[in-house]
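Numbering of the sequence shown is given in this note's numbering, commencing with residue 527 and proceeding in unit increments. We put the beta carbon where it would ideally sit given N, CA and C, even for glycine. A quick note: this is a predicted structure, and the numbers were derived from the prediction, not measured. What follows is one structure encoded as structure tokens, with my remarks underneath.
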Amino acid sequence: MFAGLMRQRWIRWDQFSTLAKPLRARLQAEVDLSWPAIIQSQGSSDGSTKHIFEMGDGRQIEGVHMPYDDRVTLCLSSQVGCAMGCTFCATGQMGIIRNLSSAEIVGQVVAMLNHHAHPLDRPVNLVFMGMGEPLHNFDHLMAAFEVLTDAEGLAIPPRRITVSTSGLVAGIQRMGSLARRPRLALSLNGTTDEHRSRIMPVNRVWGLEALAEALGRFPLQSGERITLEYVMLKGVTDSLEDARRLAAFARRFPSKVNLIPFNAHEGSGYEPPEESRIVAFCRCLSEAGLPVSVRRSRGQDVGGACGQLVREGQSRHPKIP
Ligand code: SF4
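Right under this line is the structure:
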């Protein structure tokens, strides 16, 4: 089925022969399986490619294809725009336009693999870190997860799929209750409620203590860790006090930390941290015994940070209040 899906832009539920006929008929009537089409691609000097997709209604989203020696990682969108309003994020400034359907989520994967003539035996990692808050689109996300992981679908192992949330505690709890689920990442980005609420409005509803408790109760498999993503903003979130508070937060559950030096974009009002700050911050976390890595945003020279290219193209579309 995987090879078949790879060659097609349009598929029908009739093709899922393992599903009962009445279910297939109902899905065909109710669930749109049209693929998003790649309308623009920009390669970066680091080997990654940023793709703009257009969907049936003309809305646009973005995805990034990032090849590594031993795998390919695809960064995926879950919504057109985003309701969360994080102040450092270009997508957050768009507001929410709509959720993606499960077919549109799966379609990004198939379209990118197809576009890059992906060898079927090469591992694929999926990260929901593009446009949107994935747990705001929970049902479609999990329906897509089933297709992406099913042996009759794309057969991607669940451990290779990571959902990154801005901190929707209700969604984290819901995901934790599932028998089969993706891995969890939290976009933390602040180490005090005051600071985090300023850059991530969701923190006014679910503060750091509520988050730590939810993550502490999240059922992890042996060896599994929750990824904490931390965008370093110069003079805002890059102090050594931040590093120490981040370490204290991260030690409350099995975790690893991904530091992301801010990728500057026009009008954001934020700047990337100094290199010396990144090194000192990283060392502080390592000395606290935490696995830590620094993620340089891939595709920076093509505007690869959250939502930047699409935001320009999308401005002709009205916002949904
Ligand atoms: S960082 Fe993520 S959750 Fe926050 S506004 Fe951007 S897309 Fe939404």
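What does the Cβ neighbour count give for arginine 706, buried or exposed, with the cut at 16 atoms within 10 Å? exposed
Among residues of its own chain, excluding the 5 on either side of alanine 740, which ones have a beta-carbon nearer than 7 Å to its beta-carbon? Val695, Ile698, Gln699
Cα-Cα separation, isoleucine 682 to histidine 642: 17 Å
Whole angstroms is fine: what's the gap from arginine 771's alpha carbon to threonine 718's? 8 Å
From the DSSP secondary-structure annotation, give me the bridge partner or partners of glutamate 755. Ser713, Asn784
Identify the residues that DSSP records as bridge partners of alanine 555: which are they? Alanine 555 pairs with nothing; no bridge assigned.
Residue from Cys612, Gly584, Pro593, Val818 with nearest C-alpha to glycine 795: Cys612
Kindly list the residues whose CB is nearer than 8 Å to the CB of leucine 766, restricted to its own chain and excluding five residues on each side of it in sequence; keep chain order. Ala806, Phe807, Cys810
Given 8 Å, three or more beta-carbon pairs between the stretch 579-586 and the stretch 595-602: no
Measuring only the C-alpha atoms, how far is leucine 531 from isoleucine 786? Low local confidence applies: a pLDDT of 48 at leucine 531 is under 50, so the model's placement there is unreliable, with the coordinate-based value given in what follows. Near 34 Å, if we compare the C-alpha coordinates of isoleucine 786 and leucine 531.
To the nearest angstrom, report how far apart histidine 565 and glutamate 580 are at their CA atoms. Strictly speaking, residue 565 in this sequence is isoleucine, with histidine absent from that position. Whole-angstrom Cα-Cα distance: 6 Å.
What is the residue span of the alpha helix (DSSP H) that cysteine 808 lies within? 801-813
For glutamine 605, count neighbouring Cβ atoms within 10 angstroms of its own Cβ and tell me buried if that reaches 16, exposed if not. buried
Glutamate 588 CB to nearest heavy atom of the ligand SF4 below 6 Å: no
Is methionine 592 helix, strand or coil by DSSP? strand
Residues bridged to isoleucine 578 by DSSP? Gln566, Glu588
I want to check one thing, is the minimum distance from the CB of threonine 617 to the heavy atoms of the ligand SF4 below 6 Å? yes
Limits of the unbroken beta strand (DSSP E) element including leucine 652: 650-654
Under a Cβ-count criterion, where at least 16 other Cβ atoms within 10 Å of its own Cβ denotes burial, should lysine 576 be classed as buried or exposed? buried
Check each candidate in Glu659, Tyr594, Pro649, Phe654 and name the one with the smallest Cα separation from glycine 607. Glu659
Could you give the uninterrupted runs of the beta strand (DSSP E) lying entirely in the stretch 617-671, keeping only those of 3 residues or more? 622-625, 650-654
Along the chain, which unbroken stretches of the alpha helix (DSSP H) at least 4 residues long are found entirely within the stretch 728-773? 734-743
In chain order, what residues of the same chain lie with their CB nearer than 7 Å to the CB of glutamate 553, ignoring the 5 residues before and after it? A small fix is needed here, since residue 553 is leucine in this sequence, not glutamate. The answer, listed in chain order, is Trp539.
Decide if aspartate 764 is buried, meaning its Cβ has at least 16 other Cβ atoms within 10 Å, or exposed. buried
Distance cut-off 6 Å: methionine 581 Cβ against heavy atoms of the ligand SF4: no
Residue nearest to methionine 657 in terms of C-alpha spacing, selected from Asn784, Tyr594, Thr617: Thr617
With burial defined as no fewer than 16 other Cβ atoms inside 10 Å of the residue's Cβ, what is the status of leucine 716: buried or exposed? The sequence given here has glycine at residue 716, not leucine. The residue is buried, with at least 16 neighbouring Cβ atoms inside 10 Å.
Hey, would you say the C-beta of cysteine 601 is under 6 Å away from at least one heavy atom of the ligand SF4? no
How is glycine 693 classed by DSSP in three states: helix, strand or coil? coil
Proline 799, buried or exposed, once every other Cβ within 10 Å from all chains shown has been counted against 16: buried
For serine 723, the first and last residue of its enclosing alpha helix (DSSP H): 719-725
Closer than 6 Å to a non-hydrogen atom of the ligand SF4 - does that hold for the CB of serine 571? no
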